[in-house]
DNA sequence: CCAACGATATACT
DNA sequence: GTATATCGTTGGT
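Residue numbers (the working numbering): 3 to 234.
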């Protein structure tokens with residue numbers, strides 16, 4: 003975890019965004035642990051970034067979390083949906099990463115129940131994954147290293163390929179609209195707006211192997227379950 | 001008062 | 001399958 007904290011404090015936000023792909027995100031709720039791999043995210047590089055809430059060092063009550071320590075959880079709502087971001091850079095530099103897609107791993111039943119959906123629709127959008135993980139507004143300003151909503155670097159996976167794309171939903175932001183600040187695991191079915199033909203069998207993950215070179219039993223099980231549940 | 005870092009339903013090739 | 005319309009809340013001017 004120390005390594006992660008250093009990453010958030012010292013590396014460029016785009017580098018952190020890439021490193022978050024495959025990172026395991028967990029929320030410990032009274033009903034159980036909910037979690038999965040981050041597969042889609044966007045970097046927001048305020049104060050220069052015209053699409054960032056912190057553009058021009060704007061500091062209103064809503065945005066105040068962006069000026070806190072790296073790892074601070076920044077939540078905001080739009081069109082009735084709550085969106086989760088993690089703040090990067092040393093305190094006072096208002097940059098962050100929005101989490102846009104999650105491949106569910108633990109607590110899938112609870113997430114499906116929460117969403118009233120199965121398959122990719124459970125968590126292939128920023129508002130969707132917040133609902134799936136049951137992230138409450140009270141986590142605003144808490145730390146993604148120590149709060150009930152936290153990263154688990156020990157469980158992270160490695161993407162085979164990373165896509166760099168323009169961010170979604172930010173028209174009329176000049177050059178910032180087209181800038182490739184959205185990062186995603188190539189071939190993963192939990193990306194926003196992915197084409198069916200672009201989905202890869204292995205979801206875009208580098209294979210994990212045991213010391214004997216065989217595929218990990220847990221991976222085999224999960225891919226079998228994925229086969230069954232994924233209706234694209 | 002209006003624009004916004006969405007999601008969903010509905011309407012169409 | 002893809003495009004558009006509408007829902008809807010909140011913050012900031």
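Note that beta-carbon positions come from the ideal geometry of N, C-alpha and C, so glycine has one too. Note that the structure is predicted; figures quoted are calculated from it, not measured.
Status (buried if at least 16 other CB within 10 Å, exposed otherwise) for residue 174: exposed
Any 3 or more C-beta pairs closer than 8 Å across the stretch 166-183 and the stretch 46-56: yes
Outcome for residue 198 when other beta-carbon atoms lying within 10 angstroms are tallied against a minimum of 16: exposed
Three-state class that DSSP yields for residue 1 in the structure shown: Limits of the chain in this structure are 3 at one end and 234 at the other, which puts residue 1 out of reach.
contact_flag[the stretch 61-69, the stretch 90-103] where n(CB pairs < 8 Å) is 3 or more: yes
Euclidean distance between Cα positions of residue 22 and residue 41: 8 Å
8 Å contact criterion, which residue 185 and residue 165 should meet: CB distance rounded: 7 Å
For residue 175, three-class secondary structure by DSSP: coil
Start and end residues, beta strand (DSSP E) containing residue 97: Residue 97 -> beta strand (DSSP E) spans 97-108.
Exposure label - residue 161; buried when at least 16 CB within 10 Å: buried
Per-residue DSSP class, three states only, for residue 15: helix
7 Å Cβ shell around residue 133 - same chain, five flanking residues per side excluded: 116 and 117
Continuous alpha helix (DSSP H) stretch holding residue 131: start and end: 128-134
Span of the beta strand (DSSP E) around residue 41: 34-46
Enclosing beta strand (DSSP E) for residue 186 [first to last residue]: 184-187
Spatial distance of residue 192 from residue 125 (CA atoms): In a straight line, the C-alpha of residue 192 is about 7 Å away from that of residue 125.
Alpha-carbon to alpha-carbon, residue 181 and residue 256: One cannot answer for residue 256 here, as it falls past the ends of the chain, which runs 3 to 234.
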